[in-house]
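Data block below; observations after.
Chains as they are written, first to last, in the working numbering: chain E, 1 to 343; chain X, 1 to 343; chain P, 1 to 343; chain D, 1 to 343.
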């Protein structure tokens, strides 16, 4: 995020007549007109800093009202247009994931001059090979899987690691592939405890005394409901234990192994971004600036092969990007004997 | 652990007449006579590998019987002596933490020729400045705290990170000091939600919009019981949510901040050990071999300043090593405005 | 490399009738028939290990003879066919960079059943977005550039860092982009000391008291010859000091800054590969096995966007992959004020 | 350095009546009165940043005159006292290595109220177990040695890595121990090419096909002079190639292995400090502030075991801290078969 911001600001500084204003805390800043001018010095040295110097907020959707009995959809795009007009701003560069880009698409429909930059560790934005932030997140998740290997192997355990991915299994699949996960459970592939346990038993027959299970937080678990009653009886199972706990306790009840689980959670965010992400963010930032200069409203910058191109935001949010169960990634994982629990 | 093992084996290979046997899975291997000879080639290239090539087990204490109505203390030191005799082994080098060394001390009393090497990520072995494994664990915990900073700062949140330390707060204190934790909660210092909340409010008054709370898994929480009823009502709160969840929900109820928590758990283990740990393990391994050659039974190798010395295992386990609330580490943390929640 | 090997072996283990033989030290092993069978257990746990368990050699080109007065091109493809025939091997999977794949292409012409996998930290293989190993190398180079920032800034210095890239400037460009290099010198863009010095003076005018220069080892330096006579007078300037020394001493003579240089050299290799590289290697390994099963001789697996495809090796080696001075990567670097020394 | 500064500033902010001024670029700032006040906000978020926000300079020794035919020792302690008096500063906290602390000692003799903090990646300050910065430097050097392993092993090479240490071999010894260096050459132990070559041949006899040589930049090489004439004939051999090149070419001429060398140089500095260093710097910073409040002029904070104590600067600089060839570190290295080239 910071790298993209730096690219926009530095890029604008090199072009006469352009100036950049940073809105604080995402749409909240646009709605409330909280902003500050950004110059060359403001973005110096932030290339390898995670997060964003502008702050962010998930709670300010201009099209959503606070919950309540008589709540109804609201449209605050006028407030956004007013802010831009008052500040004499010609273009709004929106950086974010699927949800943020959906808002950007609606703003575009309402006449707000927007350009989008895909940034999400979930990698669920379509029409681009990858989004900014994803490579860093999968790298951190892979590190964690690497580390669990030595503990699992020394203790002859089943280690379950729950990674991010509410709707898409990208991090689980890639961290599982990269970290040598033995079992990968993702929302895109229906799995059962029985099939997973069968796969682990076959590993045992081949002399393997431990297994690493990588599970996306959003991986469904219908059969889990009956296996681990205690957890489901708790008031809010997902918040308390999560799918990782469900899987660990379920497998622990079926197999003669100690099981442990760990939820990576926010440790998958932050830290210095990977070189890949910093390069991509810089290219995206400069390309977004060009798109704004070209008044290519409603377009999103996207990675296609080794080129950065423009695609319509509308196309990028028309369907979420999901793991293709028939694609070569999953096929490669199956070829190296990864268990998906669907057989 | 592997580095210490490598040092013992390589060191023995250089001395005529010595040979090394590795027991598998800790005391389990000694009791069941599961072992394999270890030579130069077996330990080549394992210096930077976490875990242990011999396996480990927490469940085989030669002085403890399986639970049961009529269970009584058992003494299986005879089985251990028998294994050593049958294999013509003159010395048993025991590598582990407080619990393992207590067993070693009792075996020594029973006439088993033992030498101890302190290795525990909890750092709770006395009479040595540090144990093998601790520096690597605090480094990983510090990395995690570092990463949470950018997320917490971007989102204006309270982030609670629960680190290892059931009885001692070493990792929490050191990762908090190194990672710039704003609040550190450890078992050695009694804290209250009120005092923590007061400290965070003072931070807010100084313009800080986020806080990082580092809490040891064993930090007591008497007042927590009343604040977060839902969690305590669950069948097994510590296993489900842990103290991290208790602290996050408690503070979330008292302060106008979003709170999130993360439990580092097993991600604090494994991975390539730090340079510090590999050097310490090598020095300890060679020193333990020397102690065995000198028939210094019942001694443990220990770091004192920059020297490796021998101390009695009995002294090392006589009292657990705890953080000194009046020591210079805690004083330094207080000086840089760390909140311990006891004021 | 190890990850690709693991994928081939594990993939073959899952298909009845297939077995894998590993030749030692590259073509040397095929020519001298030095090989060993590879099974599931041989490749277990090597996913995160750099290098190759089979060894490698640059010195065994079946089409090149040792130097000598009467040396003439030799063709040893018969020896390779003989080895394959004797061992009843149906396919040869060749893993390597531009040079290795050129040999593979000639072997294919001679009737050897080859399939290629692009692996080179120089990233100079065409027809694929990226080669295995490149992402890890640029990540290591970026880390080094990151670290030089704090030293350069504290000491108000010009730091020159020489990275790999004899013919292509990929690592220099990407590590410069990702690490915030102020000057990037690559073989694809002709540069002069005067233009670089001018750019650094403009930085000084903007208040910057240090600069980081990233230079590819193969960046040409015509004007350098006259500036730093001492170095060029030495018997083998490139081996002794390299282009990094030439650049540092040249700029030091023109500008009022202390200059230092560092040659990353082999520290850009080895270590645990990035998640990206492990995933790519696994996908490539499985895809190469499929190509061999399909008898798609002369094909190379390649990354195209997010898909793995087959391309002719002949096309991949027809022209080397170079940085496009007019592409969006260089444009992005220029937009954030990177100095290429060509203005 | 930044962590120590942060500790001093934050510590002072918590005590009524104290304020902190930061001199820019070391003694240069004191002599030229270039300084700025430092408050809580100035040091926020710098804990994990390498280098120093104040800048540094090696070229301003108040007791040394610029070179010249009629140069004579000069004493500018009056200028320093004048700066302190003018700014009403009661104490000068000096952070640095052996050279800087020697100056601090002389300033103390002249009546300047100084307190010292040992910070040097060379670890050559006596009377303290370790100096700030050393653990980070040896960690980076160890990473480099780790990475060279895979390249050396794959290519069957001798890899020579030259690390920092002009007068003391600490980094070479510790990075060699931690990284599994096969040969370690340090200034404290006289070595010969013959003995090193003999040791490597013995490795070959035991089946080892590669070797890693770790050499301190200051390791003397008397016999090297005759072996590699070309290099020594060059105008400035150490600047051009360094001892690493001398060792690599010398061994390459004596042994049937390809040799390569790499000079780590400035890549051993910078980057995020280790957890160990950040904790030590924080403890040292707070302890130095206490010493200043106690008017303990001429004292240096020092690590002794697990405690921070005060020692006279005069004692710390009376003799440089060197590796003890008879100490347990070297003994441990010898026990695991490290070659020191002195046998």
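C-beta: ideal position from N, C-alpha, C; glycine also.
Open item on the list: To the nearest angstrom, how far is the alpha carbon of residue 323 of chain D from that of residue 186 of chain D?
Closed with: 9 Å
Task: Nearest-angstrom Cα separation, counted from residue 112 of chain X out to residue 85 of chain X - done: 10 Å
- [ ] Give me whichever residues DSSP pairs with residue 178 of chain E in a beta bridge.
- [x] Paired residues: none, contrary to the question.
Open item on the list: So residue 197 of chain X and residue 130 of chain X are supposed to be a Cβ contact under 8 Å. How far apart are they, rounded?
Closed with: The pair is not a contact, with the Cβ atoms about 34 Å apart (cut-off 8 Å).
- [ ] Check whether the Cβ atoms of residue 300 of chain P and residue 293 of chain P lie closer than 8 Å to each other.
- [x] no
TODO: Could you tell me whether the Cβ of residue 178 of chain D comes closer than 8 Å to any Cβ of chain P?
DONE: no
Task: Helix, strand or coil at residue 336 of chain D [DSSP, three-state] - done: coil
Open item on the list: Would residue 101 of chain D and residue 116 of chain D qualify as a contact pair, given that the criterion is a beta-carbon distance under 8 Å?
Closed with: yes
Task: Chain-ordered residues of the region 130-142 of chain P with a beta carbon less than 7 Å from chain E - done: 135, 138, 139 and 142
Open item on the list: Residues in the same chain with beta-carbon distance under 7 Å from residue 77 of chain D, minus the five sequence neighbours each way, listed in chain order, please.
Closed with: 62, 107, 110 and 112
Task: Selected residue, minimal CA-CA separation from residue 242 of chain X, among X:274, X:298 and X:166 - done: X:166
Task: Environment of residue 17 of chain D [buried if 16+ CB atoms lie within 10 Å] - done: exposed
Task: Under 9 Å by beta carbon: chain P residues contacting residue 254 of chain D - done: Those within 9 Å of residue 254 of chain D in chain P number zero; the least Cβ separation is about 19 Å.
- [ ] List in chain order: all unbroken beta strand (DSSP E) runs of 3+ residues lying wholly within the region 95-141 of chain E.
- [x] 114-118
- [ ] Pull up the distance between the alpha-carbon of residue 23 of chain E and that of residue 82 of chain D, whole angstroms please.
- [x] 48 Å
Open item on the list: Here's the rule: buried if 16 or more other CB atoms are within 10 angstroms of the residue's CB, otherwise exposed. What is residue 253 of chain E?
Closed with: exposed
- [ ] Return the bridge partner residues of residue 261 of chain X from the DSSP annotation.
- [x] X:160
Open item on the list: In this structure, how does DSSP classify residue 202 of chain E when only helix, strand and coil are distinguished?
Closed with: helix
Task: Residues of its chain near residue 26 of chain P, where Cβ-Cβ distance is below 7 Å and the 5 sequence neighbours each way are ignored - done: 56, 57 and 60
Open item on the list: Distance check for residue 308 of chain D and residue 207 of chain P, CA to CA, integer angstroms please.
Closed with: 40 Å
Task: residue 217 of chain D (DSSP reduced to helix, strand or coil) - done: coil
Open item on the list: Tell me whether the region 262-278 of chain E and the region 271-284 of chain X touch, counting them as touching only if at least three CB pairs, one residue from each stretch, are closer than 8 Å.
Closed with: no
Open item on the list: My output table needs one value for residue 309 of chain D: the three-state DSSP class, helix, strand or coil.
Closed with: strand
Open item on the list: Quick test of your reading: residue 149 of chain E and residue 212 of chain E, contact by CB under 8 Å. State the CB separation rounded to the nearest angstrom.
Closed with: 6 Å
Task: Interface flag, residue 167 of chain X vs chain E, CB-CB below 8 Å - done: no
TODO: Please state if the CB of residue 282 of chain P and the CB of residue 332 of chain E are separated by a distance shorter than 8 Å.
DONE: yes
Task: Under 9 Å (Cβ pairs) to chain D, residues found in the region 268-289 of chain X - done: 272, 273, 274, 275, 276, 277, 278, 279, 282, 283, 284, 285, 286, 287 and 289
- [ ] Can you tell me which of the three DSSP states residue 24 of chain D falls into?
- [x] coil
- [ ] Name the one or two DSSP bridge partners that residue 91 of chain P has.
- [x] DSSP lists no partner for residue 91 of chain P.
Open item on the list: Given this structure, state the Cα-to-Cα distance separating residue 238 of chain E from residue 334 of chain X, to the nearest angstrom.
Closed with: In this prediction, residue 238 of chain E has a pLDDT of 42, which is less than 50 and means its spatial position is unreliable; nothing more can be read from the coordinates.
Task: Reduced DSSP category for residue 212 of chain D - H, G, I as helix; E, B as strand; rest coil - done: strand
Task: Close Cβ partners of residue 191 of chain E (< 6 Å) along its chain, the five nearest in sequence each way excluded - done: 185, 341 and 342
- [ ] Look at the Cβ atom of residue 264 of chain P, then the Cβ atom of residue 162 of chain P, and state whether they are nearer than 8 Å.
- [x] yes
- [ ] State the Cα-Cα distance for the pair residue 284 of chain E and residue 159 of chain D, rounded to the nearest angstrom.
- [x] 40 Å
Task: Cβ neighbours of residue 13 of chain P in the same chain (closer than 6 Å, five flanking residues each side left out) - done: 40
Task: residue 39 of chain D at chain X interface by Cβ criterion, 8 Å - done: no
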